[in-house]
Amino acid sequence: MILYTLRRLAAVIGVLIAVAAVTFLIFYVLPSDPAAAACGKSCSAERLAAIRAHMGLDQPLWRQFWDFLSGIFTGRTLGSGHYALRCHVPCLGYSYENSEAVWDLLMNRLPVSASLALGAAVLWLALGLSAGVVAALRKDTLTDRVLMVGAVGAASLPVYFTSMMLIYGLIRVAGLLPYPAYVPFGDDPARWASNLLLPWLALALLYAAMYARQSRSSMIEAMAEPYIRTARAKGLPRRTVVVKHGLRTGMTPILTLFGMDLGGLLAGAVITESIFGLPGIGQLFYGALSSGDQPVILGVTLLAATFIVVANLAVDLLYAVVDPRVRL
Amino acid sequence: MSASPPAPDTNPDTNPDTNPGTNPGTDPETAAGPAVPSSPWQLVRRELRRRASVTVSLVIIGLFLVMAAAAPLLSALGGRSPDAFDKSAVDPYLGGMPIGPLGGISAAHWLGVEPVTGRDLFARVVHGAQVSLLIALSATAIVVVAGTLTGIAAGYFGGRTDAVLSRLMDLTMSFPSLIFMIAMMSVAKDVNRILLMTAVIGLFGWPGIARVVRGQTLSLKHREYVDAARVGGSGPWRILTRDILPGVAGPVIAYTTLIIPGMIATEAALSYLGVGVRPPTSSWGQMIAASVAFYDTDPMYFVIPSACLFLTVLAFTLLGDALRDILDPRGGRA
């Protein structure tokens, strides 16, 4: 188990370096020249060269990449002399746009994206799993059919459509909720939740539909296993059989799905954040794209990849806990 | 292929194990067919025809495909080009709102007009269908071909090939795909947007199908009929094309139909975010993005492209569900 974890951790680091390298290649090799942009229109050749040197753009590409990588673990000093700028660990460079450290930018935005992702995840798990399990237990009844038609329908709605409908219905017409404006959890938990409710619902509906479909089919499969019959035959109440025996096996495929989805969402739901105007990582990323702010783009991509691989690793380790048949 | 000696067991038509869709022993639904033996594809077709949802979704898909294919013809029929402004259809004193009820639906504009510009929505939706479906279906084709090839290669050759290809799948799946797609679309400036979008969407989709195919290939490659073919002197190429490929065809077809909705939604999402096709070319996602600003003053403008997107995605999902139930009753779910 320990050996397995270590081996997987090594693989995680390898994957992250590869992701960084690919992102680096794509966004740094492409023709846009941030130094020229920073220098402005009336720019002398010496000044351009100085800015290049300050940004490290005069170095060969592999050198730039190496500096970037080692900066994450040891920090680095950008520029020299009067303009020297100490970038501390974990150094992801400085935004071209406003000279803030990328790491700080990311960490400022992370609470928003994490609030959105985690809250939505709780909702979609509750909705999706209960719908899926109920449908599986009442397979081929009217309840099952209604739930599954609803799930296919909800899964087919793009998130921006659901969001607009929710905004229209709950804010414009019914006036039940305020228009979302992010309030930090630490300031006022109640307002944090009420402001995030709509984005949570919009995201959760989409995912809940997928989870309902998936959990229904894996529950049906689990409930057909011989040990379920054994459990029933020895006189266990139906509830215990379903919850303790069926759910435990039935939920393992869900776990994989959940790891990927949550990992992907933690680093920002670009569309949802932009519709509801939430100042999360997705918005930061979107803004960085339009201004060609490569350090920020690279930082967000790397953070997103980290969340995805770590979530997958966590899921694989959890498997061994949840499913007694899995031996690592 | 003709170089290998005749081996009766390798003929896929006479060997039940190679028949796509009939996983022996795990498929009671198709196995319990009528007494008259018929080809597996006939069984599949019969099974499909029994379901109402399949008929409905096929009709919807057919309708949109025809619409996409005949887009110039249809908009000519409607009498409007997708880019022609029609100032007479909007009211300049109401901020350019369409004149008439339901977003200006009239004999001249069958689905109403765009606010401010007065461009014909029917023509734009029809042309948008062309762009959306073209990108989604070509990206699907890339994904399916690449995924099947890598999956079969990894599963059949095993060893180092498998290790390298599997790592590559893991790596690709670790990329935050939507973020990466958005980034790639926004840095590329002077290229064919449709082509680029197809490539970018296709780039991240293949590992899913490759895993399914790899698993299926692994379970097929040591079945008796494949061993028999090998003993009979068939080379790897012949075994792959005659014995393995037909065996993975069922799950691949089911999976293909199930990823199309995702492709359509991804294209729409990218266009919605403004990094997809550029105006004046229309696509559904882009139309929805433009209509959001008018959602409560001109709801029809928002509803029409959304409904098209919803119906297409729904139809492909229903069809894919049915195909999976029939062709791949147990696989591809874990």
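Residue numbers (the working numbering), protein chains in the order written: chain A, 143 to 470; chain B, 432 to 765. Heads up, the beta-carbon is just placed ideally off N, CA and C, and yes, glycines get one too.
Beta-bridge partners of Val544 of chain B (DSSP): B:Asp551.
Pairing Ala746 of chain B with Arg482 of chain B gives a Cβ-Cβ distance that is not under 8 Å.
If the five residues before and after Ala446 of chain A are omitted, its C-beta is found closer than 6 Å to the C-beta atoms of Ala409, all from its own chain and listed in chain order. The continuous alpha helix (DSSP H) containing Val595 of chain B extends over residues Gly590 to Ser605. Interface flag for Ile719 of chain B against chain A is set, since a Cβ pair is found closer than 8 Å.
By the 16-neighbour rule on beta-carbons within 10 angstroms, Ile144 of chain A is exposed.
With a threshold of 16 other beta carbon atoms within 10 Å, Ser432 of chain A falls short and is exposed. Contact between Tyr461 of chain A and Leu397 of chain A holds: CB atoms are separated by about 7 Å, below the 8 Å threshold.
Along the region 743-759 of chain B, going in chain order, the ones with a CB nearer than 8 Å to a CB of chain A are Val744, Leu745, Thr748, Leu749 and Asp752. Sequence-ordered contacts of the region 388-413 of chain A with chain B read Pro395, Gly406, Ala409, Val412 and Ile413 [C-beta pairs closer than 7 Å]. Using a Cβ distance threshold of 8 Å, Thr592 of chain B and Phe635 of chain B do not count as a contacting pair.
Looking only at A:Tyr349, A:Ala277 and A:Val276, the smallest Cα-Cα distance to Leu260 of chain A is reached by A:Tyr349. The beta-carbon distance between Tyr587 of chain B and Ile675 of chain B, rounded to whole angstroms, is 6 Å. This is short enough to meet the 8 Å contact definition. Neighbours of Val157 of chain A in chain B, taken as residues whose beta carbon is under 8 Å from its own, are Asp601, Leu602 and Ser605 in chain order. Contact of Ile613 of chain B with chain A is assigned, a C-beta pair being separated by under 8 Å.
Val288 of chain A and Gly295 of chain A have their C-alpha atoms some 11 Å from each other. Counting other Cβ atoms within 10 Å of its Cβ, Arg358 of chain A reaches 16 or more and is therefore classed as buried.
Inside the region 622-710 of chain B, DSSP marks whole alpha helix (DSSP H) runs of 4 or more residues at positions 624-651, 655-662 and 676-703, from first to last along the chain. Within the region 354-430 of chain A, complete alpha helix (DSSP H) segments of at least 4 residues are found at 368-375, 389-392, 394-408 and 412-418, given in chain order. Cys229 of chain A sits in a strand when the DSSP states are folded into three classes. Of all residues in the region 698-717 of chain B, those with a C-beta nearer than 7 Å to a C-beta of chain A are Ala699, Ala700, Tyr703 and Leu704, reading in chain order. With respect to Phe169 of chain A, Val618 of chain B sits close: the two C-beta atoms are nearer than 8 Å. Listed in chain order, the beta strand (DSSP E) runs fully inside the region 245-326 of chain A amount to none, counting runs of at least 3 residues.
In this structure, B:Ala699 is the residue among B:Ala577, B:Ala699, B:Tyr524 and B:Val575 with its C-alpha nearest to the C-alpha of Phe303 of chain A. Counting along the chain, the unbroken alpha helix (DSSP H) around Glu478 of chain B starts and ends at Pro471 to Arg480. DSSP places Gln436 of chain A in the uninterrupted alpha helix (DSSP H) bounded by Gln436 to Val464.
Membership of Arg205 of chain A in the alpha helix (DSSP H) is indicated by the continuous run Leu203 to Thr216.
Residue range Pro730 to Leu758 is occupied by the alpha helix (DSSP H) that includes Gly751 of chain B.
If you check each beta-carbon in the region 287-320 of chain A against every beta-carbon of chain B, the ones closer than 7 Å belong to Val294, Gly295, Ala297, Ser298, Leu299, Pro300, Tyr302, Phe303, Met306, Tyr310 and Arg314. Interface flag for Leu145 of chain A against chain B is unset, since no Cβ pair is found closer than 8 Å. Counted as a single uninterrupted DSSP element, the alpha helix (DSSP H) harbouring Phe495 of chain B occupies residues Ala483 to Ala500. The three-state reading of DSSP puts Ala539 of chain B in coil, since its state is none of H, G, I, E or B. Per the Cβ contact rule, the region 389-405 of chain A is in contact with the region 358-377 of chain A (3 or more Cβ pairs under 8 Å). Excluding its 5 nearest sequence neighbours in each direction, Leu338 of chain A has C-beta neighbours in its own chain below 7 Å: Ser257, Leu258, Gly261 and Pro322, listed in chain order.
Contact fails between the region 711-728 of chain B and the region 270-282 of chain A, because fewer than three Cβ pairs, one in each stretch, are under 8 Å apart.
Here Ala584 of chain B has Thr592 and Leu596 as same chain residues with Cβ atoms under 7 Å from its own Cβ, once five neighbours each way along the sequence are excluded.
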